[in-house]
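See below for the structure under consideration.
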Amino acid sequence: MNEIKLIAFDADDTLWGCQSYFDTVERAYCEVLAPYADAAKVSKALFATESANMPLLGYGSKAFLISLIENPINISDGKVKGDELALILGVGKELLRLPGRPF
5 MNEIKLIAFD ADDTLWGCQS YFDTVERAYC EVLAPYADAA KVSKALFATE SANMPLLGYG
65 SKAFLISLIE NPINISDGKV KGDELALILG VGKELLRLPG RPF
C-alpha cells in the first residue's frame, strides 16, 4: 500500500481576498465607459464577456484585462476611443502590479 505523503487543498480564500482590487478596477472602468452605458449595463456586459472568454482565457488578472478591453468595443458599437481604451488598460494593469501575498 502506498503511503500518503502530501495532501493539498485548493481554496478560494485568495480569490476573495483579491476581489476588492477587481471591484475598484471595475468602478473606474464603469466611469470611463459612462458615455456609452450606465454602470449596471457595463458591469453586466463585462460579466458576459468574461464568461464567454473563460474557456479560452481561463480566470485571472490577465484574462480579466482582455475582457476589459474587448467589452467596450461591443457596448459602444465600435465607437470607443483610443484614449478611453488606454485609460482602461492603465487601470487594468494595476491588477498585474499588485504584490503577491498569502492570505
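The numbering used here runs 4 ahead of the 1-based position in the sequence shown. We put the CB at the ideal spot given by N, CA and C, even for glycine.
Legend entry - Any 3 or more C-beta pairs closer than 8 Å across the segment 46-57 and the segment 82-92: No, the segment 46-57 does not touch the segment 82-92.
Inset, instruction - Decide yes or no for the touch test of the segment 77-88 against the segment 96-104: beta carbon pairs closer than 8 Å, at least 3 of them. - result: Put simply, the segment 77-88 does not touch the segment 96-104. Fewer than three CB pairs are less than 8 Å apart.
Legend entry - For Asn-6, the three-state DSSP class (helix, strand or coil): Along the sequence shown, read from residue 1 onward, the residue named residue 6 stands at position 2. It is coil, neither helix nor strand.
Inset, instruction - Could you check the C-alpha separation between Leu-60 and Leu-72 for me, to the nearest Å? - result: Position 56 of the sequence shown, counted from the first residue, corresponds to residue 60. Position 68 of the sequence shown, counted from the first residue, corresponds to residue 72. Whole-angstrom Cα-Cα distance: 15 Å.
Inset, instruction - Quick one: measure Cβ to Cβ for Ile-79 and Tyr-33, integer angstroms, because I've assumed they're closer than 8 Å. - result: Reading the sequence shown from its first residue, position 75 is the one you call residue 79. Reading the sequence shown from its first residue, position 29 is the one you call residue 33. Going by Cβ atoms, the distance from Ile-79 to Tyr-33 rounds to 11 Å, so no, they are not a contact pair.
Legend entry - Residue from Pro-76, Ile-77, Glu-54 with nearest C-alpha to Phe-68: Start at 1 with the first residue of the sequence shown, and residue 68 comes out as number 64. Taking only the C-alpha atoms, the option nearest Phe-68 is Glu-54.
Inset, instruction - Would you tell me roughly how many angstroms separate the C-alpha atoms of Val-29 and Ile-11, rounded to the nearest one? - result: On the sequence shown, residue 29 is found 25 positions in, with the first residue counted as 1. On the sequence shown, residue 11 is found 7 positions in, with the first residue counted as 1. Roughly 35 Å separates the two Cα atoms.
Inset, instruction - Would you kindly work out how many angstroms separate the C-alpha atoms of Gly-21 and Ser-65, rounded to a whole number? - result: For this step, residue 21 is matched to residue 17 along the sequence shown. For this step, residue 65 is matched to residue 61 along the sequence shown. Their Cα atoms are separated by approximately 14 Å.
Inset, instruction - Can you have a look at Asn-75 and say buried or exposed, based on whether 16 or more other CB atoms are within 10 angstroms of its CB? - result: Here residue 75 refers to the residue found at position 71 of the sequence shown. With 16 or more Cβ atoms within 10 Å of its Cβ, Asn-75 is classed as buried.
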